[in-house]
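J.: Sharing a structure with you now.
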């Protein structure tokens, strides 16, 4: 089999991570777990999808949290309607990422189609701005989602703005039930969490996700690690018996929930404190990341597998928040174009072949990261090097096959796609 065919076969076998966990337990599947609906307490239903949602029966009406992606919302609505035909009174949105809010109009439509009134939508005051960012950066968002998840979503552009907004805290009653909504400001600038005291249900959105927290994303907007930790600590002080995360399985039991939330908060404080200490010592980003170590109990916590987030992503996000994007290397403030730099490296090496040979040698010694850098210099400096592109594709295929982190794996697979496109161009396909 040719290298091109091997790379194409690799790409053809990629799958959407969510729900793809045969043979794994709930905890092992973690962030990508999707299972059947669960009735947590009488009249409280938890629904799994790409992002989770929760429905509360409150007398003759429903309170519902998070409305899914638009192409997944009909599946969740169908499951809700198997259990109750009561009208949606309130739709609460934990934050404005599309997997939590893009299907809101379909919940409204379901009500109207059944002859009910329009449900109100509650969100944080910053949700409108988040929606504006989604619309402004739609092309970037779709490209990023394709890179991360290796699928191309056909998404609606129908966003629903909140009817009710709040800044810090908002409490309301529905029938004889009460709900407390609290600004979380961590995962996003519009994050909130919801506590339902009568049935002791805590819905935390993506402030906890069964992964290393996604508060430092290589491809997306600024996140807020310290504030996320504070929100987790406040949630841990509650008397919750059920924790409904934005992704991953429901967590049961007061002490287990408290342990989960406080462990995650300690994880974030540890990285936050490390980065701030490094900044105050005048250390550059490279030195800050090189010096980051995690306590063993945090690194191996079942709550925090580096499946989507990663300690390095978090540390870089904190550094960027406080110190901008300057790397600490003066030559990189106004750097040469990458392709020009790559050509100069090839010239110094005496052409592509010596660098390709060196990359293979590094790979054989297990220095895959450095081998990838050399291969990238080859294809950037000599884009018609078939041998360079084959090596580039094979190296990143190997990294993708071994990679646990979804975002990194998506990035490596994007490199494989780039190699396939280049090899097809060179073959005239």
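In the working numbering, the protein residues as written are 153 to 581. Every residue gets a Cβ at the ideal spot worked out from N, C-alpha and C, and that includes glycine.
If you draw a straight line from the alpha carbon of residue 423 to that of residue 383, how long is it in whole angstroms?
T.: What you label residue 423 is simply residue 271 of the chain shown in a count that begins at 1. What you label residue 383 is simply residue 231 of the chain shown in a count that begins at 1. Using only the alpha carbons, I get a separation of about 16 Å.
J.: Compare the C-alpha of residue 375 against each of 505, 418, 340 and name the closest.
T.: Within the chain shown, numbered from 1, the residue matching residue 375 stands at position 223. The option with the nearest alpha carbon to residue 375 is 340.
J.: Would you mind working out which of 227, 221, 264 sits nearest residue 248, comparing C-alpha positions?
T.: Along the chain shown, read from residue 1 onward, the residue named residue 248 stands at position 96. Checking every option, the nearest Cα to that of residue 248 belongs to 221.
J.: Does the distance from the CB of residue 577 to the CB of residue 564 come in under 8 Å?
T.: Counting from one through the chain shown, the residue named residue 577 turns up at place 425. Counting from one through the chain shown, the residue named residue 564 turns up at place 412. No.
J.: Taking the alpha helix (DSSP H) that residue 257 belongs to, which residues open and close that run?
T.: Here residue 257 is taken as the residue at index 105 of the chain shown, counted from 1. Residues 256–265.
J.: Using a Cβ-Cβ cut-off of 6 Å (strictly less than) and excluding sequence neighbours within five positions of residue 198, which residues of its own chain qualify?
T.: Sequence index remark: in the chain shown, residue 198 carries index 46 (1-based). The answer, listed in chain order, is 190, 192, 206, 396, 402.
J.: Please go through the same chain and pick out, in chain order, the residues whose beta-carbon is closer than 7 Å to the beta-carbon of residue 308, but skip the five residues on each side of it.
T.: On the chain shown, position 156 is the one that residue 308 refers to. Contacts found: 222, 254.
J.: Among residues of its own chain, excluding the 5 on either side of residue 161, which ones have a beta-carbon nearer than 8 Å to its beta-carbon?
T.: Counted from its first residue, the chain shown places residue 161 at position 9. Same-chain partners within the cutoff: 153.
J.: Are the CB atoms of residue 355 and residue 345 nearer to each other than 8 Å?
T.: Residue numbering aside, residue 355 sits at position 203 when the chain shown is read from its first letter. Residue numbering aside, residue 345 sits at position 193 when the chain shown is read from its first letter. Their beta carbons are under 8 Å apart, which means residue 355 touches residue 345 by this criterion.
J.: Are the beta-carbon atoms belonging to residue 238 and residue 209 less than 8 Å from one another?
T.: Taking the first residue of the chain shown as position 1, residue 238 is located at position 86. Taking the first residue of the chain shown as position 1, residue 209 is located at position 57. Contact: yes.
J.: Does residue 165 pass the burial test, meaning 16 or more other C-beta atoms within 10 Å, or should it be called exposed?
T.: Working through the chain shown from its first residue, we reach residue 165 at position 13. With fewer than 16 other Cβ atoms within 10 Å, it is exposed.
J.: What residues in its chain sit with their C-beta under 6 Å from that of residue 262, if we drop five residues either side in the sequence?
T.: To locate residue 262, count along the chain shown from 1; it is residue 110. Cβ neighbours of residue 262 beyond the five flanking positions: 229.
J.: Out of curiosity, what's the CA-to-CA distance linking residue 158 and residue 567?
T.: As a position in the chain shown, residue 158 is number 6, starting the count at 1. As a position in the chain shown, residue 567 is number 415, starting the count at 1. One C-alpha to the other measures close to 14 Å.
J.: Around the Cβ of residue 517, are there at least 16 other Cβ atoms within 10 angstroms (buried) or fewer (exposed)?
T.: Looking up residue 517 in the chain shown gives position 365. By the neighbour-count rule (16 or more Cβ atoms within 10 Å), residue 517 is not buried but exposed.
J.: Are the CB atoms of residue 406 and residue 391 within a distance shorter than 8 Å?
T.: As a position in the chain shown, residue 391 is number 239, starting the count at 1. As a position in the chain shown, residue 406 is number 254, starting the count at 1. Cβ atoms of residue 391 and residue 406: closer than 8 Å.
J.: Going by other Cβ atoms of all chains shown within 10 Å of its Cβ, with 16 needed for buried, is residue 358 buried or exposed?
T.: Within the chain shown, the letter at position 206 stands for residue 358. Counting Cβ neighbours within 10 Å, residue 358 comes out buried, since at least 16 surround it.
J.: Leaving out five residues on either side along the sequence, give the residues of the same chain with a beta carbon under 6 Å from the beta carbon of residue 541.
T.: Here residue 541 is taken as the residue at index 389 of the chain shown, counted from 1. For residue 541, where only same-chain residues beyond five positions count, the Cβ hits under 6 Å are 531, 571, 574, 575.
J.: According to DSSP, what are the bridge partners of residue 329?
T.: Position 177 of the chain shown holds residue 329. Beta-bridge pairing links residue 329 to 326.
J.: If I'm right that residue 146 touches residue 279 with Cβ under 8 Å, what's the distance once you round it to whole angstroms?
T.: Outside the shown range of the chain, which is 153 to 581, sits residue 146, and nothing can be said about it.
J.: On the CB-based measure, 16 or more other CB atoms within 10 Å of its CB, does residue 509 come out buried or exposed?
T.: Reading the chain shown from its first residue, position 357 is the one you call residue 509. Classification of residue 509: exposed, given that the 10 Å Cβ count is below 16.
J.: Going by DSSP, name the residue or residues bridged to residue 371.
T.: Mapped onto the chain shown, residue 371 falls at position 219. Note: residue 371 sits in no beta bridge, so no partner.
J.: Taking 7 Å as the limit between beta carbons, can you name the residues of its chain near residue 547, skipping five residues before and five after?
T.: Along the chain shown, one-based indexing puts residue 547 at 395. Answer for residue 547: 515, 520, 523, 524, 527, listed in chain order.
J.: So residue 459 and residue 557 are supposed to be a Cβ contact under 8 Å. How far apart are they, rounded?
T.: Reading the chain shown from its first residue, position 307 is the one you call residue 459. Reading the chain shown from its first residue, position 405 is the one you call residue 557. The pair is a contact, with the Cβ atoms about 6 Å apart (cut-off 8 Å).
J.: Quick check on DSSP: helix, strand or coil for residue 241?
T.: On the chain shown, position 89 is the one that residue 241 refers to. Residue 241: strand per DSSP, three-state reduction.
J.: Helix, strand or coil for residue 205, going by three-state DSSP, please let me know.
T.: Position 53 of the chain shown, counted from the start, is the residue given in the question as residue 205. The answer is strand: DSSP assigns residue 205 an E or B state.
J.: Thinking C-alpha only, which one of 299, 174, 491, 533 is nearest residue 502?
T.: Along the chain shown, read from residue 1 onward, the residue named residue 502 stands at position 350. Of 299, 174, 491, 533, the residue nearest in Cα terms is 533.
J.: By DSSP, does residue 356 sit in helix, in strand, or in coil?
T.: The residue given as residue 356 occupies position 204 in the chain shown. Three-state DSSP puts residue 356 in a strand.
J.: Alpha carbon to alpha carbon, what distance is there between residue 413 and residue 385?
T.: Counting from one through the chain shown, the residue named residue 385 turns up at place 233. Counting from one through the chain shown, the residue named residue 413 turns up at place 261. Their Cα atoms are separated by approximately 7 Å.
J.: Can you find the residues in the same chain that come closer than 8 Å, C-beta to C-beta, to residue 371, ignoring five residues on each side of it along the sequence?
T.: Here residue 371 refers to the residue found at position 219 when the chain shown is read from its first residue. Counting only Cβ-Cβ distances below 8 Å, and skipping sequence neighbours, we find 296, 299, 300, 559.
J.: Hey, quick one: how far does the beta strand (DSSP E) through residue 198 stretch, first residue to last?
T.: Here residue 198 refers to the residue found at position 46 of the chain shown. Here the beta strand (DSSP E) through residue 198 covers 196–199.
J.: Could you please give me the residues that DSSP links to residue 215 through a beta bridge?
T.: In the chain shown, counting from the first residue as 1, residue 215 sits at position 63. Paired residues: 208, 242.
J.: Quick one: what's got a C-beta closer than 6 Å to residue 266's C-beta in the same chain, skipping five residues either side?
T.: Reading the chain shown from its first residue, position 114 is the one you call residue 266. So no residue of the chain qualifies.
J.: Taking the alpha-carbon positions, what's the residue 480 to residue 465 distance?
T.: The residue you call residue 480 lines up with position 328 of the chain shown. The residue you call residue 465 lines up with position 313 of the chain shown. Distance between the alpha carbons of residue 480 and residue 465 is about 18 Å.
J.: Which first and last residues belong to the beta strand (DSSP E) in which residue 316 is found?
T.: Counting from one through the chain shown, the residue named residue 316 turns up at place 164. Counting along the chain, the beta strand (DSSP E) containing residue 316 begins and ends at 316–318.
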